[in-house]
Ligand SMILES: [Zn+2]
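Numbering (our numbering), first residue to last: 1223 to 1613.
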């Protein structure tokens, strides 16, 4: 096979990036000679891959070329084993983060077998990984090109054949529409799908609720925050821009779904990582009001109150958390610390002892008990701030 690389954008534009869904080309078994001169045909790949034109015009189409008169026939119908090989090459390229290589492999399949739904699904998925990568790297122009392309491939996949799950494609498409803030189009698509007999209507209804709640904003916000808010540990300093962006997405999700307590918790963790403890507290408190039995929320709420020097409230919240989960040693240790900071030494000792009783192997509980005993017996001065205790 000959590869013809087009380095000139104007020349490349004479070839469509995407062939129509009804294009069917000749395969090795049924090719005859050149339609113009009857000469012998050979396999050719026309592409802009590996030069800068690719970014603007990602052309990759297999065809037949005439040795005698140089005329071209597009596309070539790839053999099944070629499609299989390109699919595994594309998947491998995605795994190694070589996204343009993946796009090349899947585009060749899409142009050769245009109605083949799984080919488009694979292309869309590869581009989705690429998009997530560029979003993380803060490349809005690339993100926007990829988002458009993903949407186009998924729409064509729905028109095509051989899909394993129509619902997966619909949900991907819904994501695309929400990404460009077209909730009305997402709901219209779902309504249209609901009128089809073969789809699972319960799943579609679930998806509709998710659209109403803007679940996409929650997922995107959490994806940005999760690696940057060390759970149960000190917040990290890096990635401030991503943390702010993650919080903004969650705040918008909360406008659509005001009762989404996990979103409040995540936003609170984001504010905490930014050192905005008042805002963090506000979110933890609202989250706790909706989900009083969540010890994670209670713990963060108490820790934030301690950081703000509001020890009496921290004691109250910690005590409530201990009541809802009496078997949790960590919560007892937190209560002990809150009491210690609030200068309530007897309750602090009682809670620290209970923490050790509940989990004798826990080093933190043991060191909290020792700290309380040392303060109580005058060996150490009482701590006056959470920072002194390493919060
Ligand atoms: Zn010819």
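Here a beta-carbon is modelled for each residue, glycine too, at the ideal position from N, C-alpha and C.
Note that the structure is a prediction, hence the values are computed from the model and not measured.
In this chain, the alpha helix (DSSP H) harbouring residue 1398 covers 1388–1401. The shortest C-alpha to C-alpha distance from residue 1281 to any of 1330, 1600, 1534, 1586 is the one to 1330. Here residue 1581 is near residue 1551, since their CB atoms are less than 7 Å apart. When distances are taken from the beta-carbon of residue 1253 to the heavy atoms of ligand 1, even the shortest one reaches 6 Å or more. Assigned with DSSP and collapsed to three states, residue 1596 falls in helix.
Judged by beta-carbon spacing, residue 1241 lies within the 7 Å limit of residue 1297, meaning their Cβ atoms are closer than that value.
Residue 1293 carries a coil assignment under DSSP once its states are collapsed to helix, strand and coil. Proximity to residue 1564 across 1576, 1597, 1333 peaks at 1597, based on C-alpha coordinates. The beta carbon of residue 1255 sits closer than 7 Å to those of 1261, 1262, 1263, all from its chain and outside the five residues before and after it, given in chain order. Taking C-beta separations shorter than 6 Å and ignoring five residues to either side along the sequence, the partners of residue 1258 in its chain run 1291, 1293, following chain order. For residue 1239 against residue 1269, the beta-carbon gap comes to about 11 Å, at or over 8 Å, which does not count as contact. Here residue 1476 is not bridged, per DSSP, to any residue. Between residue 1591 and residue 1573, the gap from beta carbon to beta carbon reaches 7 Å or more. For residue 1423, the uninterrupted alpha helix (DSSP H) segment begins and ends at 1423–1434. DSSP places residue 1282 inside the beta strand (DSSP E), whose first and last residues are 1282–1288.
Around the beta carbon of residue 1570, 16 or more other beta carbons sit within 10 angstroms, so the residue counts as buried.
Taking each of 1541, 1314, 1517, 1500 in turn and checking the Cα distance to residue 1345, the smallest one comes out for 1314. Taking residue 1474 as the centre and dropping the five residues before and after it, the same chain places the C-beta of 1439 closer than 6 Å to its C-beta, in chain order. Contact residues of ligand 1 (beta-carbon closer than 6 Å to any heavy atom; chain order) are 1256, 1258, 1259, 1261, 1288, 1290, 1291, 1293. Less than 7 Å divides the Cβ of residue 1530 from the Cβ of residue 1499. Here residue 1383 carries a strand assignment [DSSP, helix/strand/coil].
Where residue 1331 is concerned, the enclosing alpha helix (DSSP H) starts and stops at 1321–1334.
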